[in-house]
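Residue numbers (the UniProt record's numbering): 1 to 212.
By construction, the Cβ of each residue, glycine as well, lies at the ideal position given by its N, Cα and C atoms.
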């Protein structure tokens, strides 16, 4: 695998992570209406933001679990596991029925998939950074910094896509089905990353440590 594809494979998950967080934040007013419809709009919005917060709250647990897997079984395995779980849970969110269709089941499933997302991506940044630095290269500082820059790229893509949808679609269509599009885009990009990451070798320094 060439350097460009390797960089995309390792840093793409971090792009996906911050893209998902950003689209959720920008679509929270719509998500609140669809999954937490209460008489008081402010309370509805608070419930939606609580689901957003919970996915962050579980990250330390996921980081411990996936971090141990990465240290004992390899960086590639964690990177592949992380993006696979993230992709499946994102597709599930994109295809979820709303509260008006299934009642209380909708917000329960929505929160569940957000929690799964939070667990899955908890080790994404640290593991991708470790992978980049442990590669056989004389540009370790550049490769490590490349991961950090992807947080901004993911947030930028999210802002562009949500802004474009808001411009092209009437508000009723955005609420009806348009909000699903950014999540579907994320899911399909995740499939591409799974394909790329399945071809990644373990980094050289990790292999050397395991041989000792």
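Residue i (DSSP reduced to helix, strand or coil)
| i | result |
| --- | --- |
| residue 201 | coil |
| residue 229 | Past the edges of the chain, shown from 1 to 212, lies residue 229, and the structure says nothing about it. |
| residue 121 | coil |
| residue 39 | coil |
| residue 25 | helix |
| residue 2 | coil |
| residue 103 | coil |
| residue 196 | helix |
| residue 98 | coil |
Straight-line gap, residue i to residue j (C-alpha atoms, nearest Å)
| i | j | result |
| --- | --- | --- |
| residue 55 | residue 133 | 27 Å |
| residue 36 | residue 43 | 9 Å |
| residue 183 | residue 112 | 16 Å |
| residue 196 | residue 202 | 13 Å |
| residue 93 | residue 108 | 11 Å |
| residue 115 | residue 146 | 27 Å |
| residue 160 | residue 32 | 21 Å |
| residue 172 | residue 181 | 14 Å |
| residue 151 | residue 21 | 10 Å |
| residue 124 | residue 82 | 7 Å |
| residue 142 | residue 65 | 28 Å |
Own chain residues within Cβ distance below 6 Å of residue i, not counting five before or after
| i | result |
| --- | --- |
| residue 25 | none |
| residue 157 | 19 |
| residue 67 | 123 |
Same chain, Cβ closer than 7 Å to residue i, five either side skipped, listed in chain order
| i | result |
| --- | --- |
| residue 199 | 1 |
| residue 7 | 146 |
Cβ shell of residue i (< 8 Å), same chain only, five flanking positions each side left out
| i | result |
| --- | --- |
| residue 194 | 80, 83, 84 and 87 |
Every unbroken alpha helix (DSSP H) within the segment 131-185, with a cutoff of 4 residues, ordered by chain: 140-168
Runs of alpha helix (DSSP H) wholly within the segment 50-75 (minimum 4 residues, chain order): 59-73
Inter-stretch contact (C-beta, 8 Å, three-pair minimum) for the segment 4-20 and the segment 83-95: yes
The segment 68-77 contacting the segment 168-183, beta-carbon criterion three pairs below 8 Å: no
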